[in-house]
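Notes follow once the structure below has been shown.
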Amino acid sequence: MTFIIPSDHIELSLEQSLDHCIKCNICTTACPVSAVTDKFPGPKYVGPQAQRFRRPDQDTPDASVDYCSGCRVCNQVCPTGVHIAELNARARAQIVAQKGLSLRNRLLGHSDWIGRMGASPLAPIANMFLSNGLIRMITEQVIGIARHAPVPAFSRYTFRSWFKHRSAPTAKGTRKVVYFHGCATNYYEPELGRIAVEVLEHNGFEVILAKQGCCGLPLLSNGAFADAQKYHEYNVQQLLPYVKQGIPIVGTSTSCTLTLKEEAPDLLGLHSDEIKLVAENTYDIFEFLRLEHEQGRLDTNFRPVALTLPYHPPCQLRAHRIGRPALDILEMVPGLRLLESTSPCCGIAGTYGVKREKYEIGMAVGAGLFDFVQRSGSDLALCDSETCRWQITHGTGVTSKHPIEILHRAYGLASPSTGG
Amino acid sequence: MTSRMIVIGAGLSGLMSALALAEAGLRPLLLAKGYGTTYWTGGTIDLLASRRYPNMPLHTALTHLIVAQPEHPYARMELDGIAAAVDRFRTLTKAAGYPYVGGLERNVVLPTALGALRPTALLPATMAAGDVRLGGEILIAGFHELRDFFPPMAAANLQAQHIPARGVYLTLPDGYQRHDYSPRSFALWFEQPNFRQAIGQQLRTLRGTATRIGLPAVLGLRDPLGVVNDLQQISGAQIFEIPTLPPSVPGMRLMNIFHQAITVAGGRIQIGSEVRRGLGAEGVLTHIFSEAAAREQRHHVAACVLATGGIAGGGISTDFRGTVHETALNLPLHAPESRQAWFASRFLHTEGHPIFSAGVPTDDQFRPLDSTGHVVYANVMVAGSALLAGDPVEDRAVSGLALTTGWHVGTLLATSLPAQLAT
Chain A
-15 MTFIIPSDHI ELSLEQSLDH CIKCNICTTA CPVSAVTDKF PGPKYVGPQA QRFRRPDQDT
45 PDASVDYCSG CRVCNQVCPT GVHIAELNAR ARAQIVAQKG LSLRNRLLGH SDWIGRMGAS
105 PLAPIANMFL SNGLIRMITE QVIGIARHAP VPAFSRYTFR SWFKHRSAPT AKGTRKVVYF
165 HGCATNYYEP ELGRIAVEVL EHNGFEVILA KQGCCGLPLL SNGAFADAQK YHEYNVQQLL
225 PYVKQGIPIV GTSTSCTLTL KEEAPDLLGL HSDEIKLVAE NTYDIFEFLR LEHEQGRLDT
285 NFRPVALTLP YHPPCQLRAH RIGRPALDIL EMVPGLRLLE STSPCCGIAG TYGVKREKYE
345 IGMAVGAGLF DFVQRSGSDL ALCDSETCRW QITHGTGVTS KHPIEILHRA YGLASPSTGG
Chain B
38 MTSRMIVIGA GLSGLMSALA LAEAGLRPLL LAKGYGTTYW TGGTIDLLAS RRYPNMPLHT
98 ALTHLIVAQP EHPYARMELD GIAAAVDRFR TLTKAAGYPY VGGLERNVVL PTALGALRPT
158 ALLPATMAAG DVRLGGEILI AGFHELRDFF PPMAAANLQA QHIPARGVYL TLPDGYQRHD
218 YSPRSFALWF EQPNFRQAIG QQLRTLRGTA TRIGLPAVLG LRDPLGVVND LQQISGAQIF
278 EIPTLPPSVP GMRLMNIFHQ AITVAGGRIQ IGSEVRRGLG AEGVLTHIFS EAAAREQRHH
338 VAACVLATGG IAGGGISTDF RGTVHETALN LPLHAPESRQ AWFASRFLHT EGHPIFSAGV
398 PTDDQFRPLD STGHVVYANV MVAGSALLAG DPVEDRAVSG LALTTGWHVG TLLATSLPAQ
458 LAT
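Those sequence lines, one after another, are chains A and B. Mapping the first sequence onto my numbering, position 328 (from 1) lands on 312, and the numbers just tick up by one. Mapping the second sequence onto my numbering, position 123 (from 1) lands on 160, and the numbers just tick up by one.
If you want it as structure tokens, here you go:
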């Protein structure tokens, strides 16, 4: 007997996953947004339930889906496998396709535009400008970016410029990786990129800096799917030649790696062999190092790091569904103790929490995490996502770093230079 | 970090197994597709209430079953094994400030949200005053805003069973109106003293001659006993919780308690990671693969507890050809041969539905067996509703089997493991 498999069964499995919803409301009890605001009725309602009323040729039945932060907690807790977050993201995109994208969301979606304008030797001026209360108030009134929302400071140099001009270029080795730095590392936190490169090189990798654009996640989460697709296709085009040679893509921004792996292909319905190949060969940095360790290739000759630090696995990392690779590696560092946060989300969810109408929601969502970090008494918190780090610092006053910086320290690698 | 103790499933059985392994210092990893059936069920532990063993103490009924069905999981644990699991669970919940009452002596009969009567062996102390033997008039109180809980209907059904009862609706205090309501909304509100005060005052006014008041089981997440005590003081009546339709607040409390206990003891819980397949060699499971973004996550297995549930929980599934299969490791099953044999002729048939008897046959070590009676994987043990165990639905033993086999298998695995596997 033969069975007819629909040609686009991946698409069908997403769209039809709503039929697996048994209305148990587990997602509603886990949703951090509906817990703090009445504006979002919960994942079940705007996801599988409202989806029955959405047709390509009809107006979407309910605008409240825009209050979904896209943290994907609903997907993880769903016992029947409904792709709730994807349904919500696509519903938002349908609204954007009909009503257009606001100037604010267009700006927030293009983090690369902003970064390119700001990250330069003139960054201190731009930063002063952006931290000015009056300007922030005007920005809030005119554009809709919350005046108190955390915005990162531009770097005086980009990661790419540092990499190209570094005095000790990466040694040519037999084992190579492509480093996907993402916009945040390039324009705001080039130091993180340097640290990641040094950790990879320390483990014997030649690090390649491929051409790359924004991963497109800010556009995806603002519903601008057509624009996001251009970025994703560009990235796939740039990364594919390496992947075809068996060179993996490794990133430190867990939201960028998630986008390359799954968010862009799934949300945009792109399932070509090329796109799949890039997705299957992209790794979050600690996920990659954990695999290296499983092969017995990771240097585990760690120096003691006598610290007890709060660690928040961000929602984008949880969405990889790979457990806690940073904990798996760092628990081998003598003297180090990481306190894992169980808060589902810090509230920023990429660009969600910087929007005027959502800032308070984001802060309420993050309240539990802020409390956890502050009660730890530590002056340093760890988190794998840049926007979450900024939000944690904003909500607590505690410095936040990527956990790779601790591994860097455990290897006894050079303390951060001034860069440039 | 080479190979690891893995528990598959986040229902009661998986949580109990993971707790046993964590407390033995084996740092288990619990993998689950989503939150387990704790969120779907009322939070009571039903050990056995079979119509085959009426009118006798619970431990006598269990002993009868153990004699009559020597291959039943209860028979393999014996009464001592059942008691050990119950003890650990009671200690755990008590330490978390959410004590359970009851045990192996007898079943307690509690009113349901429909006003039906349901026997159970272990119940949260917050439900204890619902025991129908206590006598006196019962007031059932609910909220129009909390769906699927109808006090007048529950009271009418209790009346029909000669239990004096009245049903009333409470009014949400000002400031608590929302577009929509869930059991969680109410649970969070009951943690606020002002809300409790307002509701307690209404209960006092509406109480009349009632000595006990039944409320939907939404009386807070963190300190439900404190909420009950408060409401008792204000209303002047005994307060008890009645389980609601899902999502179950008592189930959420249990999940929180287990999550905390397992992680503190060194275990890890990974939700959203459905185990899709396993890989073994020479009768030993070596790897399992869980669903993840872009590619499967591969786990190296030292030993594994399969606690994925039965037909209802998703551990056993069917396809359109009528095949019944175990979803995580594709273990051999005992199940009805054809689709025609799945169901009895009537929905509420007294003999139950054959499909609910589907399960993985195991040896007395709870290791899975193939059709020839050989152990499939020597380092895998099965717990909970995935087990072949007669008809747990008809026996009213689903949660009891989950709890006891989960603990039993976890401790069995911890003690039977070669020492070199312990990290």
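A virtual CB, placed ideally from N, CA and C, is assigned to each residue, including glycine.
Pick from the options: whose alpha carbon is nearest that of residue i?
| i | options | result |
| --- | --- | --- |
| Gly320 of chain B | B:Leu268, B:Ala166, B:Gly46 and B:Val413 | B:Val413 |
| Val205 of chain B | B:Leu240, B:Thr441 and B:Leu195 | B:Leu240 |
| Glu115 of chain B | B:Gln402, B:Met164 and B:Arg259 | B:Gln402 |
| Leu343 of chain B | B:Ser219, B:Ala331 and B:Leu322 | B:Leu322 |
| Ile250 of chain B | B:Leu207, B:Thr360, B:Tyr218 and B:His101 | B:Leu207 |
| Arg359 of chain A | A:Gly381, A:Ser369 and A:Val57 | A:Gly381 |
| Tyr267 of chain A | B:Ile308, B:Ala330, B:Phe326 and B:Pro65 | B:Ala330 |
| Asp407 of chain B | B:Ser436, B:Ile392 and B:Leu370 | B:Leu370 |
| Thr300 of chain B | B:Gly179, B:Gly48 and B:Leu56 | B:Leu56 |
| Pro298 of chain A | A:Phe286, A:Trp374 and A:Pro249 | A:Trp374 |
| Ala208 of chain A | A:Asn59, A:Ala75 and A:Lys385 | A:Ala75 |
| Leu171 of chain B | B:Val417, B:Thr246, B:Pro110 and B:Leu147 | B:Leu147 |
| Phe180 of chain B | B:Pro188, B:Glu174 and B:Gly173 | B:Pro188 |
| Glu405 of chain A | A:Cys11, A:Ala290 and A:Asp368 | With chain A covering only -15 through 404, there is no way to say anything about residue 405 of chain A. |
| Ser87 of chain B | B:Val435, B:Pro210 and B:Thr78 | B:Val435 |
| Asp83 of chain B | B:Leu243, B:Leu424 and B:Asp432 | B:Asp432 |
| Gly188 of chain A | A:Lys160, A:Ile10 and A:Arg39 | A:Lys160 |
| Ile313 of chain A | A:Ile332, A:Ala333, A:Pro232 and A:Arg281 | A:Arg281 |
With the cut-off set at 7 Å, would you say residue i and residue j are in Cβ contact?
| i | j | result |
| --- | --- | --- |
| Thr74 of chain B | Met292 of chain B | no |
| Pro253 of chain B | Phe186 of chain B | yes |
| Gly93 of chain A | Leu203 of chain A | yes |
| Glu286 of chain B | Pro230 of chain B | Checking the displayed sequence, the identity of residue 286 of chain B turns out to be Val instead of Glu. Cβ distance not < 7 Å, so Val286 of chain B and Pro230 of chain B don't count as in contact. |
| Ala462 of chain B | Leu63 of chain B | As displayed, chain B neither begins before 38 nor continues past 460, which places residue 462 of chain B out of reach and without an answer. |
| Lys7 of chain A | Tyr51 of chain A | no |
| Ile68 of chain A | Cys55 of chain A | no |
| Ile308 of chain B | Gln60 of chain A | yes |
| Gln213 of chain A | Leu251 of chain A | no |
| Leu320 of chain A | Tyr295 of chain A | no |
| Cys329 of chain A | Ile376 of chain A | no |
| Leu85 of chain B | Leu99 of chain B | yes |
| Val20 of chain A | Ala333 of chain A | no |
Are the C-beta atoms of residue i and some chain E residue less than 7 Å apart?
| i | result |
| --- | --- |
| Ala86 of chain B | Chain labels in this structure do not include chain E; the protein chains are A and B. |
Inset, instruction - Assess, as a yes-or-no matter, whether the region 360 to 371 of chain B is touched by the region 300 to 314 of chain B under the definition of 3 or more beta carbon pairs within less than 8 Å. - result: The region 300 to 314 of chain B is in contact with the region 360 to 371 of chain B.
Legend entry - Sequence ranges, alpha helix (DSSP H) only - wholly within the region 376 to 406 of chain B, length at least 4: Unbroken alpha helix (DSSP H) stretches of 4 residues or longer found wholly inside the region 376 to 406 of chain B: none.
Legend entry - Contact residues within the region 204 to 218 of chain B, judged by C-beta distance below 8 Å to chain A: Those would be Arg215, His216 and Asp217, in chain order.
Legend entry - Selection of the region 206 to 220 of chain A by Cβ proximity to chain B, strictly under 9 Å: Within the region 206 to 220 of chain A, no residue qualifies.
Legend entry - Where the region 292 to 303 of chain A meets chain B: residues whose CB sits under 8 Å from a CB there: Answer in chain order: Arg302 and Ala303.
Legend entry - Segments assigned beta strand (DSSP E), at least 3 residues, entirely inside the region 278 to 342 of chain A: Counting whole runs of 3 or more residues, the region 278 to 342 of chain A contains the beta strand (DSSP E) stretches 291 to 296 and 320 to 324.
Legend entry - Interface positions of the region 38 to 70 of chain A facing chain B (Cβ-Cβ less than 8 Å), listed along the chain: Going along the region 38 to 70 of chain A in chain order, one finds Asn59, Gln60, Val61, Cys62, Pro63, Thr64 and Gly65 with a Cβ nearer than 8 Å to chain B.
Legend entry - Three or more C-beta pairs below 8 Å linking the region 246 to 263 of chain A and the region 160 to 177 of chain A: Because the criterion of three Cβ pairs below 8 Å is not met, the region 246 to 263 of chain A and the region 160 to 177 of chain A do not touch.
Inset, instruction - Could you name the residues of the region 286 to 316 of chain B whose beta carbon sits closer than 8 Å to any beta carbon of chain A, in the order they occur along the chain? - result: Among the residues of the region 286 to 316 of chain B, those with a Cβ less than 8 Å away from any Cβ of chain A are Met289, His296, Thr300, Arg305, Gln307, Ile308, Gly309, Ser310 and Glu311, in the order of the chain.
Inset, instruction - Could you tell me whether the region 217 to 229 of chain A touches the region 181 to 197 of chain A, using the rule of 3 or more Cβ pairs below 8 Å? - result: The region 217 to 229 of chain A vs the region 181 to 197 of chain A: in contact.
Inset, instruction - Below 8 Å between beta carbons is the criterion; list the residues of the region 88 to 107 of chain B that meet it against any residue of chain A, in chain order. - result: Of all residues in the region 88 to 107 of chain B, none has a Cβ within less than 8 Å of some Cβ in chain A.
Inset, instruction - Would you be able to state if there are at least three C-beta pairs under 8 Å between the region 352 to 366 of chain A and the region 129 to 149 of chain A? - result: Because the criterion of three Cβ pairs below 8 Å is not met, the region 129 to 149 of chain A and the region 352 to 366 of chain A do not touch.
Legend entry - Touching by the beta-carbon criterion (3+ pairs, under 8 Å), the region 329 to 338 of chain B and the region 87 to 101 of chain B: Note that the region 329 to 338 of chain B does not touch the region 87 to 101 of chain B; fewer than 3 beta-carbon pairs, one per stretch, sit closer than 8 Å.
Inset, instruction - Check distances from the C-beta atoms of the region 50 to 77 of chain B to those of chain A and list, in chain order, the residues that come in under 9 Å. - result: So the list reads Leu66, Leu68, Ala69, Lys70, Gly71, Tyr72, Gly73, Thr74, Tyr76 and Trp77, given in the order they occur along the chain.
Inset, instruction - State whether the region 440 to 452 of chain B contacts the region 109 to 126 of chain B, with contact taken as three or more CB pairs (one from each stretch) at a distance under 8 Å. - result: At 8 Å Cβ cutoff, the stretches touch.
Legend entry - Members of the region 306 to 323 of chain A that neighbour chain B once the beta carbon cut-off is set at 9 Å: If the cut-off is 9 Å between Cβ atoms, the region 306 to 323 of chain A has Ile306, Gly307, Arg308, Leu311, Asp312, Ile313, Glu315 and Met316 near chain B.
Legend entry - Stretch-stretch touch, CB-based, cutoff 8 Å, three pairs: the region 129 to 137 of chain A with the region 332 to 341 of chain A: Because the criterion of three Cβ pairs below 8 Å is met, the region 129 to 137 of chain A and the region 332 to 341 of chain A touch.
Inset, instruction - Compile a chain-ordered list of the residues in the region 169 to 183 of chain B whose CB is closer than 8 Å to at least one CB of chain A. - result: Answer set for the region 169 to 183 of chain B: empty.
Inset, instruction - Could you tell me whether the region 251 to 270 of chain B touches the region 124 to 139 of chain B, where touching means 3 or more Cβ pairs closer than 8 Å? - result: Contact holds between the region 251 to 270 of chain B and the region 124 to 139 of chain B, because three or more Cβ pairs, one in each stretch, are under 8 Å apart.
Inset, instruction - Anything in the region 170 to 196 of chain A with a Cβ closer than 7 Å to a Cβ of chain B? List those residues in chain order, please. - result: If you check each beta-carbon in the region 170 to 196 of chain A against every beta-carbon of chain B, none falls closer than 7 Å.
Legend entry - Any 3 or more C-beta pairs closer than 8 Å across the region 229 to 246 of chain A and the region 132 to 141 of chain A: Pairwise C-beta distances place the region 229 to 246 of chain A out of contact with the region 132 to 141 of chain A, as fewer than three of them are shorter than 8 Å.
Legend entry - Every unbroken alpha helix (DSSP H) within the region 156 to 204 of chain B, with a cutoff of 4 residues, ordered by chain: Taking only runs of at least 4 residues, the alpha helix (DSSP H) segments lying wholly in the region 156 to 204 of chain B are 188 to 197.
Inset, instruction - Mind checking the region 343 to 368 of chain B against chain A and listing, in chain order, the residues whose C-beta falls within less than 7 Å of any C-beta there? - result: Interface annotation for the region 343 to 368 of chain B against chain A: Gly351, criterion Cβ-Cβ distance under 7 Å.
Inset, instruction - Check whether the region 384 to 403 of chain B touches the region 416 to 428 of chain B, counting contact only when three or more Cβ pairs, one atom from each stretch, lie closer than 8 Å. - result: The region 384 to 403 of chain B is in contact with the region 416 to 428 of chain B.
Legend entry - Positions along the region 373 to 391 of chain B whose CB lies within less than 8 Å of some CB in chain A: Identification of residues in the region 373 to 391 of chain B having a C-beta nearer than 8 Å to some C-beta of chain A yields an empty set.
Legend entry - beta strand (DSSP E) runs contained entirely in the region 302 to 339 of chain B, provided each spans 3 or more residues: Taken in chain order, the complete beta strand (DSSP E) segments of 3 residues or longer contained in the region 302 to 339 of chain B are 305 to 308, 312 to 318 and 321 to 327.
Inset, instruction - Within the region 38 to 106 of chain A, note down every full beta strand (DSSP E) run reaching 3 residues or more, in order along the chain. - result: Correct list: empty.
Inset, instruction - Could you run through the region -7 to 15 of chain A and flag, in chain order, every residue whose CB is less than 8 Å away from some CB of chain B? - result: The residues in question are Cys8, Asn9, Ile10, Thr12, Thr13 and Ala14.
Inset, instruction - Any chance you could list the beta strand (DSSP E) runs of at least 3 consecutive residues sitting entirely within the region 364 to 389 of chain A, in chain order? - result: Taken in chain order, the whole beta strand (DSSP E) runs of length 3 or more contained in the region 364 to 389 of chain A are 364 to 367 and 383 to 385.
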